[in-house]
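Residue numbers (the working numbering): 44 to 189.
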């Protein structure tokens, strides 16, 4: 028997993976790699976003006709610093005082005072907006009822 006939006989008896099984294995490997990459990217995202700033206004209490006390809850993972405040409908500057730096997990009270001769109108609704040092805005609507 010559070498060529032996090779043909060997090739006929050799068993390989069917195309279906090969496709299934390739898909399984691709899914496994994508899961690993997604987990790695999720860890990176948490690392970059770990100092995310998040706060909300839980209450606004009008102390008189020219000032309002705003309770701010810090729900983020870093200190929130209130830089400015605005009350819709007033053109004069609104001054901000009180707890302007609120640590993570804490609550602080920020006092907004109207400038000039501005005063709140009875039973009117006001949109209060606070701006943080990172440029995020926190909005709340309150009604003045003396």
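Glycine residues also receive a C-beta, built at the ideal position from the N, C-alpha and C atoms. Here the structure is a predicted model, which means the values were calculated and not measured.
Does the distance from the CB of residue i to the CB of residue j come in under 8 angstroms?
i: residue 156; j: residue 170; result: no
i: residue 142; j: residue 117; result: no
i: residue 175; j: residue 123; result: yes
i: residue 172; j: residue 128; result: yes
i: residue 5; j: residue 181; result: One cannot answer for residue 5 here, as it falls past the ends of the chain, which runs 44 to 189.
i: residue 147; j: residue 121; result: yes
Work out the CA separation of residue j and residue i for me, nearest whole Å.
i: residue 158; j: residue 96; result: 29 angstroms
i: residue 82; j: residue 73; result: 14 angstroms
i: residue 108; j: residue 85; result: 49 angstroms
Quick one: measure Cβ to Cβ for residue i and residue j, integer angstroms, because I've assumed they're closer than 8 angstroms.
i: residue 125; j: residue 80; result: Actually they do not touch by this definition, with Cβ atoms about 39 angstroms apart.
i: residue 168; j: residue 150; result: About 24 angstroms; that fails the 8 angstroms criterion.
i: residue 166; j: residue 188; result: 6 angstroms
Applying the criterion that 16 or more other CB atoms from any shown protein chain within 10 Å of the CB defines a buried residue, is residue i buried or exposed?
i: residue 78; result: exposed
i: residue 76; result: exposed
i: residue 64; result: exposed
i: residue 71; result: exposed
The segment 124-139 touching the segment 158-168, judged by at least three CB pairs closer than 8 angstroms: yes
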